[in-house]
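Undergrad: Below are the structure tokens for one structure; questions will follow.
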Amino acid sequence: MRSIFGTLDRSIDSVVLIPSYNDNKGLVATLESLNDEIELNVLIVDDGSKQPVVDLLSSHSFSQNIVVITLHENQGIIKALNTGLKFSYTEGIRFVFRLDACDINVKGRFEKQLNLLQSLDLALVGGGVEYFSEDKSEKLFLRPPLVSDEIAAKQKYRTCFVHPTVLLDLGKLKLDFLYSSKYQHAEDYELFLRVTKFFPTGNVDAIVTKCLVRFEGLSLTNRKLQLKSVLKAQCVNFDYLSLYSYFGLFKTINLLFIPRSFIEFLKIRVFKSYEKK
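Using full-length UniProt numbering, the first residue of the sequence shown is number 1, and each one after it goes up by one.
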């Protein structure tokens, strides 16, 4: 069961899709970061939060047109995201930007990504990320590859998109490219891997989103399951002519046996190396 609060403005051909579950404080910060942006629809999928997002809106004022789909039982991130994508598509919305509760939009992101997507006729566009800790004492930067051919090759080895940075063109992807429940905790990686097989993609050369590092988030708590899902996606999409496919399998298999603490140490070193570039 679900209920819908608000109406999408169909004169605006885009939405910002934000799934939310029991994080209204973080959601407020995210919505406030959109106040100075271009005119947008914001579509929040409330995945059964104890304090409904709709109640939150009555006590805050935001500049964007906000629509809330409330799932009356928690159904998980994949169901929440697909609900938002299907709703956007059936409402005639073409461009879907992603954000998560607690993530901060960097002003100018949407125009930059739309311009790149439309000028190069791309199906998926991402961008750089600034990661910050809860006390904001630590900042790490990630700038992914920019060009479609490089992205398509490297996506077989590692993700070239961070999910709260992406823009999806439903005019090209339609409903043929949804998140798959077969790849728990790696649904973003698998979707982006699929898209890069069939469509040109890109990343803007700029930081577009600031993301909170959640040390108890899904990607860490369920690391083994995530890695198994990544491995499955790499096997299903294996390219025998690409060295990156072999590197990807080798890396993922090894990560299954390496302690998480060591991986987190390496991530920090890698992110800091990006920051110096």
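Just so you know, even glycine gets a beta-carbon here, dropped at the ideal spot from N, CA and C.
As the structure is a prediction and not an experimental result, all values here were calculated from the model.
What span of residues does the beta strand (DSSP E) with Cys-211 cover, start to end?
TA: Residue 211 sits at position 211 when you count from the first residue of the sequence shown. That run of the beta strand (DSSP E) goes 201–212.
Undergrad: Going by DSSP, what residue range makes up the beta strand (DSSP E) through Glu-32?
TA: Within the sequence shown, numbered from 1, the residue matching residue 32 stands at position 32. Segment 24–32 is the alpha helix (DSSP H) holding Glu-32; no beta strand (DSSP E) there.
Undergrad: Using only CA atoms, which one of Gly-127, Asn-74 and Leu-117 lies nearest to Leu-99?
TA: Along the sequence shown, one-based indexing puts residue 99 at 99. Of Gly-127, Asn-74 and Leu-117, the residue nearest in Cα terms is Gly-127.
Undergrad: Would you identify the three-state DSSP class for residue 307, choosing helix, strand or coil?
TA: Coverage of the chain is limited to positions 1 through 277, which leaves residue 307 absent and any answer about it impossible.
Undergrad: Going by DSSP, what residues sit across from Ile-44 in a beta bridge?
TA: Counting from one through the sequence shown, the residue named residue 44 turns up at place 44. In DSSP, Ile-44 forms a bridge with Ile-18 and Val-68.
Undergrad: DSSP puts Val-125 in a beta bridge; with which residues?
TA: Mapped onto the sequence shown, residue 125 falls at position 125. Leu-167 and Gly-202, per the DSSP bridge assignment.
Undergrad: In the DSSP output, which residue or residues are listed as bridge partners for Lys-139?
TA: Residue numbering aside, residue 139 sits at position 139 when the sequence shown is read from its first letter. According to DSSP, Lys-139 bridges with Phe-132.
Undergrad: On the DSSP bridge list, what partners appear for Arg-98?
TA: If you number the sequence shown from 1, residue 98 lands on position 98. The partner list for Arg-98 (beta bridge, DSSP) reads Leu-17.
Undergrad: Tell me which residue opens and which closes the alpha helix (DSSP H) that Ile-77 is part of.
TA: Taking the sequence shown and counting its residues from 1, one reaches residue 77 at position 77. It spans 77–90 - the alpha helix (DSSP H) in which Ile-77 sits, taken as one unbroken run.
Undergrad: Under 8 Å, do Leu-43 and Gly-76 count as touching if we go by C-beta distance?
TA: What you label residue 43 is simply residue 43 of the sequence shown in a count that begins at 1. What you label residue 76 is simply residue 76 of the sequence shown in a count that begins at 1. The answer is no: Cβ separation not under 8 Å.
Undergrad: I'd like the list of long-range same chain contacts for His-60, defined as Cβ closer than 8 Å, with 5 residues on each side in sequence excluded.
TA: Here residue 60 corresponds to residue number 60 of the sequence shown, with the count starting at 1. Excluding sequence neighbours, His-60 sits near Val-28 and Leu-31.
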